[in-house]
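Chemist: One structure coming up, written as structure tokens, with questions to follow.
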Amino acid sequence: MRRMLVAGNWKMNTLRESAGVLAGALAAAVPAERSAVEVLVCPPFPYLTTVGDVIAGSGIGLGAQNAYFEPPGAFTGETAVEMLRDVACRYVILGHSERRHILGETDELIGRKVAAAIAGGLDVILCVGERLSERETDQTEAVLDRQLNAGLAPVDAEAMRGVVVAYEPVWAIGTGRTASPDQAESAHLHLRNRLAERYNAGVAAATRILYGGSVKPDNAVSLLEQPDVDGALVGGASLKAELFLPIIEAAEEIVAR
Ligand code: PEP
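Pasting the structure below:
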């Protein structure tokens, strides 16, 4: 019922040439017919068009790493949802922990961005996740609840069709330290139960929940085979085709079981 999604978050990496080369290697390996798993790349804003041109016609979709909630206007340095649609983005990542904890984005701001993205026709990957100190003080579920409630505040059951949730424990992002499969499954199940309470069982069953945090080829199967893990949001390993492609293959292998 839930199609696996493997999404690459390139963060503030690549230059125009290397972005095109990476996109080309991925596009060559993921033709449109290879559709058991949905694949997405989210390059930096300046390279969205370059990458979009390279992956056009392949089995790889295009996403952005952020968006602003206002329509085009006097907001220096920001990027409107309409602009992302204009360069063929289908998805936008919102609430990434680097935006929450380095750039200071609040739950409330993220909720406004989610509302604008959905209203503007973009699908949203809403990231939630606890910091290490929060996990160590048994606040993981409270943090996930707060971030989920605020991020989904403007989203009704119908609009949840355009929302993917990503569980990304902050202590596992870019650290090489991964949540164990049990830790991931427990957090995902908690989120799914919250979706059932907030909406209904159908929405909870249909919403994809990705895991993110140091996903690599050697841990992908054990994470992706958890029953409530519906794909991966991949940072570091999405920057090398030889690491990203095996993660897609791991997802395909699980789908084929
Ligand atoms: C991310 O940035 O969303 C992420 C999961 O990064 P990494 O895979 O490098 O931990």
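With our numbering, letter number 95 in the sequence shown gets 885, and the count goes up by one each step, no holes.
Glycine is no exception: its CB is placed at the ideal position from the N, C-alpha and C atoms.
1. Would the beta-carbon of Asn799 be found less than 7 Å away from any heavy atom of ligand 1?
2. Quick check: Gly847 and Arg824, are their CB atoms within less than 8 Å of each other?
3. Could you pull out every residue in the same chain whose Cβ sits closer than 8 Å to the Cβ of Ala828, ignoring the five residues on either side in sequence?
4. Roughly how many angstroms separate the alpha carbons of Leu1000 and Arg951, rounded to a whole number?
5. For Phe865, I'd like the list of residues in its chain whose CB is within less than 8 Å of its CB, leaving aside the five on either flank, ordered along the chain.
6. Does the beta-carbon of Leu922 have 16 or more other beta-carbons within 10 angstroms, so that it is buried, or is it exposed?
7. Are the beta-carbon atoms of Leu816 and Ala1031 separated by less than 8 Å?
8. On the criterion of 16 or more Cβ atoms from any shown chain inside 10 Å, does Glu987 qualify as buried, or is it exposed?
9. Based on the DSSP secondary-structure assignment, which residues constitute the bridge partners of Glu828?
10. Taking Gln855 as the reference, which of Asp843, Leu838, Val844, Pro861 has the closest Cα?
11. DSSP three-state call for Gly853: helix, strand or coil?
12. Compute every distance between the C-beta of Ile963 and the non-hydrogen atoms of ligand 1, then say whether any falls below 7 Å.
13. Counting C-beta neighbours from all protein chains within 10 Å, is the total for Arg967 16 or more, i.e. buried, or is it exposed?
14. According to DSSP, simplified to helix, strand and coil, what is Leu916?
15. Got a sec? Which residues, its chain only, sit under 8 Å from Glu1043 by beta carbon, not counting five neighbours each side?
Modeler: The structure says:
1. yes
2. no
3. It is Glu, not Ala, that sits at residue 828 in the sequence shown. Answer for Glu828: Arg793, Met794, Leu795, Val796, Gly851, Gly1021, listed in chain order.
4. 15 Å
5. Tyr858
6. exposed
7. yes
8. exposed
9. Leu795
10. Leu838
11. strand
12. yes
13. exposed
14. strand
15. Val1011
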